[in-house]
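J.: Numbering (UniProt numbering), first residue to last: 1 to 144.
Where is the CB? At the ideal position from N, CA and C, for every residue including glycine.
Before we start, here is the structure in question, set down as structure tokens.
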């Protein structure tokens, strides 16, 4: 069984016993988070950059967006047929990560690209129907 899956299963059991908030302080110590991700926000957009090194087949990466959640699933494969491992810091294997987004995003306007081991995901803020349609008062401009 994949060691990351075992760790994930163990953490889920502990979350159930202790509660989700207990483990927030220990998240990075217990299980390294992969893929690592940076999220940048403007007024109407989110720009996400995820580190997925060694991805040679984009079919091994799934990106899902659902309202306020970004989900990444995939596999990082590293060819390690060079001998016995002496030190291993680059995380690899199957991953699944759900990230809560700071605001709802549109499902019809998503752009994702991959370059140099990084996945770039551009998301646009969902503006509700009630806030999108605002009546604007038009003033008469008088001739001078």
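Rounded C-beta distance between residue 49 and residue 120? I'm assuming under 8 Å.
T.: Translated into positions along the chain shown, residue 49 becomes position 49. Translated into positions along the chain shown, residue 120 becomes position 120. Right, the Cβ-Cβ distance comes to about 6 Å (below 8 Å), so this counts as a contact.
J.: Leaving out the 5 sequence neighbours to the left and right, which residues in its chain are closer than 7 Å to residue 45 when beta-carbon positions are compared?
T.: Along the chain shown, read from residue 1 onward, the residue named residue 45 stands at position 45. Excluding sequence neighbours, residue 45 sits near 122, 123, 124 and 125.
J.: By Cβ distance, which residues of its chain are closer than 6 Å to residue 96, with the 5 residues on each side in sequence left out?
T.: On the chain shown, residue 96 is found 96 positions in, with the first residue counted as 1. 73, listed in sequence order.
J.: To the nearest angstrom, how far is the alpha carbon of residue 64 from that of residue 41?
T.: Along the chain shown, one-based indexing puts residue 64 at 64. Along the chain shown, one-based indexing puts residue 41 at 41. Residue 64 and residue 41: Cα-Cα distance of roughly 19 Å.
J.: Ordered along the chain, which non-local residues of its own chain (more than five positions away) have a Cβ less than 8 Å from that of residue 118?
T.: Residue numbering aside, residue 118 sits at position 118 when the chain shown is read from its first letter. So the qualifying residues of the chain are 49, 50, 51 and 52.
J.: Pop quiz: residue 54 and residue 78 are said to be a contact at Cβ under 8 Å. What is the actual Cβ separation, rounded to whole angstroms?
T.: On the chain shown, residue 54 is found 54 positions in, with the first residue counted as 1. On the chain shown, residue 78 is found 78 positions in, with the first residue counted as 1. Right, their Cβ atoms sit about 6 Å apart.
J.: Just to confirm before moving on: does the CB-CB distance between residue 91 and residue 70 stay below 7 Å?
T.: As a first step, residue 91 is located in the chain shown; it is residue number 91 there, counting from the start. As a first step, residue 70 is located in the chain shown; it is residue number 70 there, counting from the start. Cβ atoms of residue 91 and residue 70: not closer than 7 Å.
J.: Using DSSP bridges, identify the partner residues of residue 38.
T.: Within the chain shown, numbered from 1, the residue matching residue 38 stands at position 38. Paired residue(s): 49.
J.: Which ranges would you report for the alpha helix (DSSP H) in the segment 57-104 if only whole runs of at least 4 residues count?
T.: As far as the segment 57-104 is concerned, it has no whole alpha helix (DSSP H) run of at least 4 residues.
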